[in-house]
Amino acid sequence: MSGPASPSNRPPALRLPGGWLTALIPLIWLAGLGTWVLLRWSRLPPMIPIRWNLAMGVPDFWVRRSASAVLSVMGTMGAICLAFIALAWLMLQQPPQASPGLIAAERVFRRQTALLIVASAWFVAFWPAFSLLPLPLELFRVWTVLFAATLITGGVALVRSGVRMYRAQHGLQADPPRAAPPDEGRWYGPFYVNRRNRSLLVPKPLGGGYLFNFANPWAWVLIAALLGTAYLLVRLRHH
16 MSGPASPSNR
26 PPALRLPGGW
36 LTALIPLIWL
46 AGLGTWVLLR
56 WSRLPPMIPI
66 RWNLAMGVPD
76 FWVRRSASAV
86 LSVMGTMGAI
96 CLAFIALAWL
106 MLQQPPQASP
116 GLIAAERVFR
126 RQTALLIVAS
136 AWFVAFWPAF
146 SLLPLPLELF
156 RVWTVLFAAT
166 LITGGVALVR
176 SGVRMYRAQH
186 GLQADPPRAA
196 PPDEGRWYGP
206 FYVNRRNRSL
216 LVPKPLGGGY
226 LFNFANPWAW
236 VLIAALLGTA
246 YLLVRLRHH
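Here our numbering is used: the first residue of the sequence shown is 16, the next is one more, and so on.
Below is the structure:
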């Protein structure tokens, strides 16, 4: 594990292509969809689908059109998008955690992670459209395939970046050889806490990659948001 870079040699903050408007588009889309629903409420069908058979893309659960049903769909997806955007923002804004020789590799890894998170928010934000708009079944199937392909492609890219970063770190430590700095954090069951370095993500004490540092309050906020949205999804699925 390598210590964070000092402020004197810290590189500029990472940015998403297109700026933060790129990350806010899912929320803008959901706001526009909500406005459209309000304006055309009387023209919506009396029953709306809220669950699909992902294998066939056919709706298999319907509910009567009501404000609570629409708010459940829109609110759940909006909460997920907010959690994703917050996580992407924290990934890009936190200071580098690698040694100076590895900062470039770490920046690539964090930027790719943020892009994958934001891309996932785009797909999640489009989900309510299948409940509220008269869209063809084929479009749902295309959405499913594209979402899966994005996750797989992004996951492969992250694995490759992580492997390159681990190899670079191993090479730096092998020539010249040097002892790894002592781990300043502690494990409390599954939770890692490093009060000397309160960044949200810190390098793993063993191996490559990163883990949440629960000394940072944002780690608890994000975990609570993810658990809350998972609970809402389960409630929505069994509604």
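Heads up, the beta-carbon is just placed ideally off N, CA and C, and yes, glycines get one too.
query                                                                                         : result
C-alpha distance - residue 210 paired with residue 203, whole-angstrom precision              : 13 Å
According to DSSP, residues forming a beta bridge with residue 80                             : Paired residue(s): none; residue 80 is not in a bridge.
Three CB pairs or more closer than 8 Å across the region 37-46 and the region 85-93           : yes
First through last residue of the beta strand (DSSP E) which encompasses residue 206          : 206-208
Supposed contact pair residue 107 and residue 125 - C-beta distance, whole angstroms, cut 8 Å : 6 Å
Residue 58, enclosing alpha helix (DSSP H) - first and last residue                           : From DSSP, residue 58 is part of no alpha helix (DSSP H); its letter is neither H nor E.
First and last residue of the uninterrupted beta strand (DSSP E) at residue 201               : 201-203
Nearest-angstrom Cα separation, counted from residue 127 out to residue 135                   : 12 Å
Where the alpha helix (DSSP H) through residue 143 begins and ends                            : 118-147
Residue 226, DSSP secondary structure in three states                                         : strand
Contact set for residue 231: own chain, Cβ-Cβ below 7 Å, skip 5 residues either direction     : 213, 214, 215
For residue 117 and residue 86, the rounded distance between their alpha carbons              : 46 Å
Beta-carbon gap between residue 60 and residue 68 smaller than 9 Å                            : no
Residue 152 in three-state terms, based on DSSP                                               : helix
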